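Trainee: Sharing a structure, written as structure tokens. Questions coming.
In my numbering, the protein residues as written are 61 to 194.
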């Protein structure tokens, strides 16, 4: 790494204009499947209370992440960015995919600030991937 602690900026061109919608749908589908599995553990009569509590804690964490992602996405969209998808990982990082038009330091700083505040993630753990519809 040339500049440790600096946000990574990558880029991609997408042919599908519904790219963000598809990413969000896939994310929610996986999250729903995970919640179903956790709910089955919580409802089980054969597992210990400790195992059930662990499943409850994981369910709460999933909900917390989903709320942070949604808050960051809504604020970024309110600031004029489009096709926004924020994905928070379990290691405390975030991937931000969005159409930001011309890539500028000011826009990058604005994205970092919003995601840092809404998701409580350090700027150096945010990867921004600008997309451009083909």
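C-beta: ideal position from N, C-alpha, C; glycine also.
A quick note: this is a predicted structure, and the numbers were derived from the prediction, not measured.
So is residue 143 buried or exposed if we call it buried at 16+ other beta carbons inside 10 Å?
Mentor: As a working note, residue 143 is residue 83 in the chain shown. Flag for residue 143 reads buried.
Trainee: Within 10 angstroms of the Cβ of residue 177, are there 16 or more other Cβ atoms? Answer buried if so, exposed if not.
Mentor: Position 117 of the chain shown, counting from 1, holds the residue named residue 177. Exposed, because fewer than 16 other Cβ atoms sit within 10 Å of the Cβ of residue 177.
Trainee: Under 7 Å Cβ to Cβ from residue 119, same chain only, skipping five residues before and after it: list those, please.
Mentor: What you label residue 119 is simply residue 59 of the chain shown in a count that begins at 1. So the qualifying residues of the chain are 95 and 98.
Trainee: Around the Cβ of residue 160, are there at least 16 other Cβ atoms within 10 angstroms (buried) or fewer (exposed)?
Mentor: Here residue 160 refers to the residue found at position 100 when the chain shown is read from its first residue. Buried is the call here.
Trainee: Counting only the same chain and skipping the five closest in sequence on each side, list residues whose C-beta sits under 7 Å from that of residue 136.
Mentor: Reading the chain shown from its first residue, position 76 is the one you call residue 136. Excluding positions up to five away in sequence, the list reads 144, 158, 171 and 174.
Trainee: Count the other CB atoms within 10 Å of the CB of residue 156; is the residue buried (16 or more) or exposed (fewer)?
Mentor: Locating residue 156 in the chain shown gives position 96, where the first residue counts as 1. Burial call: buried.
Trainee: Taking 7 Å as the threshold (C-beta atoms), are residue 167 and residue 148 in contact?
Mentor: By 1-based counting over the chain shown, the position of residue 148 is 88. By 1-based counting over the chain shown, the position of residue 167 is 107. Not in contact: residue 148 and residue 167 (Cβ atoms no closer than 7 Å).
Trainee: Given residue 138, which residues of its chain have a CB within under 8 Å of its CB, disregarding the five upstream and five downstream residues?
Mentor: On the chain shown, residue 138 is found 78 positions in, with the first residue counted as 1. Cβ within range, chain order: n/a, list empty.
Trainee: Assuming residue 121 is part of the alpha helix (DSSP H), what are its boundary residues?
Mentor: The residue labelled residue 121 in the question sits at position 61 within the chain shown. Where residue 121 is concerned, the enclosing alpha helix (DSSP H) stretches over 109–138.
Trainee: So, are the CB atoms of residue 146 and residue 169 less than 7 Å apart?
Mentor: As a working note, residue 146 is residue 86 in the chain shown. As a working note, residue 169 is residue 109 in the chain shown. Going by C-beta atoms, residue 146 is not nearer than 7 Å to residue 169.
Trainee: With respect to the alpha helix (DSSP H) encompassing residue 175, which residues constitute its N-terminal and C-terminal limits?
Mentor: Translated into the one-based positions of the chain shown, residue 175 becomes position 115. Here the alpha helix (DSSP H) through residue 175 covers 165–179.
Trainee: Assuming residue 116 and residue 102 are in contact, meaning their beta carbons sit under 8 Å apart, how far apart are those beta carbons, in whole angstroms?
Mentor: Here residue 116 corresponds to residue number 56 of the chain shown, with the count starting at 1. Here residue 102 corresponds to residue number 42 of the chain shown, with the count starting at 1. Indeed they touch by this definition, with Cβ atoms about 6 Å apart.
Trainee: Assuming residue 181 contacts residue 140 under a Cβ cut-off of 8 Å, what Cβ separation, rounded to an integer in Å, is found between them?
Mentor: Along the chain shown, read from residue 1 onward, the residue named residue 181 stands at position 121. Along the chain shown, read from residue 1 onward, the residue named residue 140 stands at position 80. The pair is not a contact, with the Cβ atoms about 21 Å apart (cut-off 8 Å).
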